[in-house]
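What follows is a single structure, written as structure tokens, with notes after it.
Residue numbers (mature numbering (1 follows the signal peptide of the UniProt record, and there is no 0)): -20 to -1, 1 to 165.
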């Protein structure tokens, strides 16, 4: 009996140490550097086409046309870039892990996909652990891929235009940056 309790205690401790700060289970193979994990990000300007039923945010912190500083590195040379807001929308933003349809390795904790970019998601926000099909095409092999929701956040999401800090060409209509990832210039 004592050996069983010790085993259970050790197993519980292992699980606790494998958790991320937000309570999700840590993936030992995940790359925590957003820019490297997102090397297949579509760096070219998008058309700005929006998912159906995405609602414009009422009174967003950063209105369309305003400027902000990006405080995240979803793709290379994004962190600290000056951005112009090209759209602000209220929705649920999800970080997801998925295996691209192009058969490459699993992408862990991709940020962000909005509720309206999930196939058959319905009206209510989904919980972490839910399995979904992606209708977004932010990255090569994303559209149609099966994914697992890692985190869910009710927030304002922004589409932004910015010039990467390494001097590359301007990125237009980048989807998505959440409000917590922007600061005033």
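Here a beta-carbon is modelled for each residue, glycine too, at the ideal position from N, C-alpha and C.
Note that the structure is a prediction, hence the values are computed from the model and not measured.
Taking the alpha carbon of residue 113 as the point to measure from, which residue in 105, 57, 122 has its own alpha carbon closest? The sequence position of residue 113 within the chain shown is 133, counting from 1. The option with the nearest alpha carbon to residue 113 is 122.
Express the C-alpha separation of residue 99 and residue 23 in angstroms, rounding to a whole number. Sequence index remark: in the chain shown, residue 23 carries index 43 (1-based). Sequence index remark: in the chain shown, residue 99 carries index 119 (1-based). Any reading at residue 23 must be qualified, since the residue scores a pLDDT of 43, below 50, and its modelled position is unreliable; the value itself is stated next. One C-alpha to the other measures close to 24 Å.
Count the other CB atoms within 10 Å of the CB of residue 35; is the residue buried (16 or more) or exposed (fewer)? Locating residue 35 in the chain shown gives position 55, where the first residue counts as 1. Its Cβ having fewer than 16 others within 10 Å, residue 35 is exposed.
Near residue 135, what residues of its chain come up, given a Cβ to Cβ distance below 6 Å and the 5 sequence neighbours on each side ignored? If you number the chain shown from 1, residue 135 lands on position 155. If we look at residue 135 and ignore the five residues flanking it on each side, its Cβ neighbours are 73, 158, 159.
Take residue 131 as the anchor and find which of 52, 118, 124, 91 has the nearest alpha-carbon. Mapped onto the chain shown, residue 131 falls at position 151. Ranking 52, 118, 124, 91 by Cα distance to residue 131 puts 91 first.
Straight-line gap, residue 51 to residue 143 (C-alpha atoms, nearest Å): Numbered from its first residue, the chain shown carries residue 51 at position 71. Numbered from its first residue, the chain shown carries residue 143 at position 163. Distance between the alpha carbons of residue 51 and residue 143 is about 14 Å.
Skipping 5 residues on each side, what residues in its chain have a beta carbon closer than 6 Å to that of residue -19? In the chain shown, the residue the question calls residue -19 occupies position 2. Any answer about residue -19 is weak, because its pLDDT of 48 lies below 50 and its placement is not dependable; what the coordinates show is given next. Result list for residue -19: empty, nothing under 6 Å.
Are the beta-carbon atoms belonging to residue 165 and residue 96 less than 8 Å from one another? Position 185 of the chain shown, counting from 1, holds the residue named residue 165. Position 116 of the chain shown, counting from 1, holds the residue named residue 96. No, they are not a contact pair.
Within its chain, find whatever has a CB closer than 8 Å to the CB of residue 173; leave out the 5 residues flanking it on each side and keep chain order. Nothing can be reported for residue 173, as the shown portion of the chain is limited to -20 through 165.
When the distance is taken between beta carbons, is residue 93 closer than 8 Å to residue 116? The residue you call residue 116 lines up with position 136 of the chain shown. The residue you call residue 93 lines up with position 113 of the chain shown. Cβ distance < 8 Å, so residue 116 and residue 93 count as in contact.
Would residue 110 pass as a contact of residue 87 if the rule is Cβ separation under 8 Å? Within the chain shown, the letter at position 130 stands for residue 110. Within the chain shown, the letter at position 107 stands for residue 87. Not in contact: residue 110 and residue 87 (Cβ atoms no closer than 8 Å).
Closest Cα partner of residue 156 within the set 147, 145, 124, 133: Locating residue 156 in the chain shown gives position 176, where the first residue counts as 1. Among 147, 145, 124, 133, the Cα nearest to that of residue 156 is on 133.
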